[in-house]
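Going letter by letter, the sequence shown gives residues -15 to 172 in this note's numbering. Before any comments, here is the structure.
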Amino acid sequence: MKYYIKQIKLFNLSRNQLREKIKSKEYERLSEETKYKLSLDDTQEYKITDFVKNPIVIKNTKSNEKISESVLQKLILENIPSFLKELGEGFTFIENEYKIKLGKSYNYIDLLLFNYKYNAFVVVELKVTELKKEHIGQVQVYMNYIDSNIKTINQDKTIGIIIAKEGNDFVMKYCSDKRIFTTTYTLK
């Protein structure tokens, strides 16, 4: 209950916005570590990943279609405000399929976002499989590209979020880059 009261104070929520947060079980989808931090101290600093819910709820308007990465991306783009709220506070959408040139070939970042609270770009990669070590490497390359070519000196380092069908704690345990976060998704 304290969590929702803090949310009302912080974000000046309307009654309907509060109902939506409670109905979507926002608090229950926070990590145990984040719940613990929230119970300790109001003045504690939080990381961007503290408020990314797990799982992220994505509205499925194409229930008959097989879910591929492109279909998942279309579902997100159909209701981008809802998706950004699922990610947490301060996210803004920049572009989908953001084109970058690596060597002689082009690559495409699924979603490029910016978080104005953390003053950082956010690379989001969508995966319809279990999280794999290759996904982490892919996101690291994209993050490094953004840091080297787009980020300004006034901005913080780029953050990476991998949204996969299934998590893999073993892979994340050995991920040395603490700017990469993973979460799962569920279709509603």
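We put the beta carbon where it would ideally sit given N, CA and C, even for glycine.
Residue i in three-state terms, based on DSSP
i        : result
Asn(-4)  : coil
Thr207   : What is shown of the chain runs -15 to 172, which leaves residue 207 out entirely.
Ser15    : coil
Ile51    : coil
Lys(-14) : helix
Glu150   : strand
Rounded C-alpha distance that separates residue i from residue j
i        : j       : result
Tyr(-12) : Asn0    : 13 Å
Thr168   : Tyr90   : 27 Å
Tyr158   : Gln122  : 15 Å
Leu171   : Ser160  : 30 Å
Lys(-14) : Val36   : 18 Å
Glu12    : Thr142  : 27 Å
Thr74    : Tyr100  : The displayed chain sequence assigns Gly, not Thr, to residue 74. Cα to Cα, Gly74 sits roughly 5 Å from Tyr100.
Thr27    : Gly87   : With a pLDDT of 49 at Thr27, under the threshold of 50, the predicted position of this residue should be treated as unreliable, though the coordinate-derived value follows. Taking the straight line joining both Cα atoms gives about 45 Å.
Lys111   : Gln(-9) : 30 Å
Ala104   : Ile40   : 21 Å
Tyr126   : Ser8    : 31 Å
Asn80    : Glu114  : 22 Å
Leu97    : Thr136  : 15 Å
Ile93    : Ile146  : 11 Å
Residue i, enclosing beta strand (DSSP E) - first and last residue
i      : result
Leu86  : 75 to 86
Tyr158 : Looking at the DSSP string, Tyr158 is not in any beta strand (DSSP E), and its letter there is neither H nor E.
Within-9 Å CB hit, residue i to chain C
i        : result
Lys(-14) : Of the protein chains in this structure there is only one, and it is not chain C.
Boundaries of the alpha helix (DSSP H) in which residue i is found, first to last residue
i     : result
Ser66 : 64 to 71
(request) Please go through the segment 93 to 147 and give each complete alpha helix (DSSP H) segment of 4 or more residues, from N-terminal end onward. (result) 117 to 133
(message) Quick check: the segment 40 to 47 against the segment 55 to 69, are at least 3 beta-carbon pairs closer than 8 Å?
(response) yes
(request) Check whether the segment 60 to 70 touches the segment 111 to 128, counting contact only when three or more Cβ pairs, one atom from each stretch, lie closer than 8 Å. (result) no
(message) Taking 8 Å as the cut-off, does the segment 149 to 157 touch the segment 122 to 134 (at least 3 CB pairs, one atom from each stretch)?
(response) no
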